[in-house]
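Worksheet: one structure, shown below.
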Amino acid sequence: MRIILPTSGPAVVAHGKGDLRIEDIPLTVPATDEAIVEIAYGGICGSDLHYWLHGAAGESILKEPMVLGHEIVGVVVQQAANGEGPAVGTPVAVHPATPAPGDVRYPEDRPNLSPGCTYLGSAARYPHTDGAFSRYANLPARMLRPLPENLDLRTAALVEPASVAWHAVARAGDVAGKTALVIGSGPIGALVVAVLKRAGAARIVAVDMHDKPLEIARAVGADEVLKGDDAGAIAAVDADVVIESSGSHFGLASAIKGATRGGKVVMVGLLPSGPQPVFISLAITRELELLGSFRFNDEIDDVIAALADGSLLVDPVVTHEFDLSQGLEAFDVARNSAESGKVLLNFQQ
Ligand SMILES: [Zn+2]
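Start counting at 1 in the sequence shown, then tack on 4, and there's your number in our numbering.
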């Protein structure tokens with residue numbers, strides 16, 4: 005089956021700091037291993053906001069216009085010419101990473117750590133890797149994950165950030181029966197709460213500076229919430245496992261204070277580059293295990309299964325949905341973390 009496709013379509017393009025545009029981009033001929041996916045929903049991520057607000061996300065600096073977006077779902081409208089991957093009409097989630105094995109050593113079973121790894125909508129390398137906030141996107145067949153029948157596209161829009169959360173919780177090992185503390189209850193923090201709940205954590209405490217994120221954290225399974233950064237209250241949690249999802253050194257300081265002796269601290273919130281002032285000596289005297297967490301690997305398949313069987317509850321994390329034509333407003337709402345959780349763009353006409 006062949007569908008007649010247009011020659012261009014609207015996309016969200018970051019041109020530089022403060023310069024975000026909804027504009028038509030040409031639909032190029034896909035490579036033989038690429039399918040054409042009609043995008044249905046896209047979730048706005050912190051990194052998308054950073055490219056817009058600062059022209060950079062961490063060390064990744066925007067050097068030329070780039071299509072944003074890596075949290076995307078859609079329907080295949082043209083199968084890859086080499087016959088690989090899902091057929092026309094298949095709804096799919098997308099694994100945005102392309103590992104790049106090279107001569108730098110990394111654990112074979114952790115391709116997320118491969119040094120040349122590219123990611124959709126990332127300026128980490130040059131030329132940049134365009135994202136898929138566009139009506140149509142050419143995507144390698146190996147990135148596509150068919151959705152089970154009972155998982156709708158809108159819920160599946162959270163597959164990518166939920167996979168980040170799943171990976172972070174997995175880094176802590178078995179959390180069943182344990183006390184868990186989540187610092188920062190933005191979309192990733194809230195999804196971490198949801199994953200902890202599903203994994204059987206006995207007590208989940210969520211921390212944030214604002215009410216709205218804490219409301220969402222409660223809705224996805226937090227047993228207690230703490231507003232602000234009251235060091236005494238955070239230390240009193242005495243958590244076996246702390247997941248730092250705020251990406252600030254204040255958050256990391258709280259994470260260390262909130263961990264019990266011999267506890268684990270997983271750092272998933274991306275800190276700015278450069279030295280970070282943190283009371284780190286506590287990690288020595290309390291023998292804390294500090295664990296980094298970066299993106300994810302095959303956890304995406306577990307997430308899709310858990311969303312489909314209803315064991316992973318994520319719906320409250322989505323607070324807003326905008327049509328692509330209101331994309332700039334959507335980004336404005338998404339930057340306001342006091343008022344919004346995950347903001348979705350709807351690409352369907
Ligand atoms: Zn993301």
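No residue lacks a Cβ here, since even glycine has one placed at the ideal position from N, Cα and C.
Taking the Cβ of Cys49 as the reference point, at least one heavy atom of ligand 1 falls within a distance shorter than 7 Å. Closer than 7 Å to some heavy atom of ligand 1: that does not describe the Cβ of Glu303.
Taking each of Ser189, Glu164, Gly204 and Ser167 in turn and checking the Cα distance to Ala180, the smallest one comes out for Gly204. Exposed is the label assigned to Arg109, since fewer than 16 other Cβ atoms lie within 10 Å of its Cβ. Here Ser138 is bridged, per DSSP, to Ala15. Residue range Val322 to Asp327 is occupied by the beta strand (DSSP E) that includes His324, with no alpha helix (DSSP H) assigned at that position. DSSP links Gln82 through a beta bridge to Ile40.
Cβ-Cβ separation between Met271 and Leu294: approximately 7 Å, consistent with a contact (criterion under 8 Å). With a threshold of 16 other beta carbon atoms within 10 Å, Gly345 meets it and is buried. Using a Cβ distance threshold of 8 Å, Cys121 and Ala136 do not count as a contacting pair. When the beta-carbon positions are compared, Val282 and Ile247 stay at least 8 Å from each other. Less than 8 Å separates the beta-carbon of Phe300 from that of Trp170.
If the five residues before and after Ser12 are omitted, its C-beta is found closer than 8 Å to the C-beta atoms of Asp28, Ile29, Pro30 and Leu31, all from its own chain and listed in chain order.
By the Cβ rule, the region 327-344 counts as touching the region 214-221, because three or more pairs are nearer than 8 Å. The closest CA to that of Arg265, considering only Ser250, His253, Pro279 and Ala239, is found on Ala239. In the displayed model, Ser64 falls within a strand according to three-state DSSP.
Only exposed fits Ala206, as fewer than 16 other CB atoms lie within 10 angstroms of its CB.
Counting other Cβ atoms within 10 Å of its Cβ, Asp52 reaches 16 or more and is therefore classed as buried.
Of the other Cβ atoms in all chains shown, 16 or more fall within 10 Å of the Cβ of Tyr140; this residue is therefore buried. In this model, Ala15 and Ile26 are separated by some 6 Å (Cα to Cα). Secondary structure of Glu27 (DSSP, three-state): strand. Relative to the Cα of Asp319, the nearest Cα in the group Leu155, Leu230 and Pro276 belongs to Leu155.
Taking every protein chain shown into account, the CB of Leu316 has 16 or more other CB atoms within 10 angstroms, so this residue is buried. If you compare the alpha carbons of Val245, Ser249 and Ala257 with that of Gly236, the shortest gap goes to Ala257. C-alpha of Gly190 to C-alpha of Val229: approximately 13 Å in a straight line.
Straight-line spacing of the CA atoms in Asp306 and Val196 works out to 14 Å.
When Cβ pairs closer than 8 Å are counted between the two stretches, the region 74-92 is seen to touch the region 37-55, the count reaching three or more.
If you check the C-beta of Pro165 against ligand 1, you find a heavy atom less than 7 Å away. Within the region 95-139, the runs of beta strand (DSSP E) at least 3 residues long that lie entirely inside it are, in chain order, 95-98. Taken through DSSP and simplified to helix, strand or coil, Asp302 comes out as coil.
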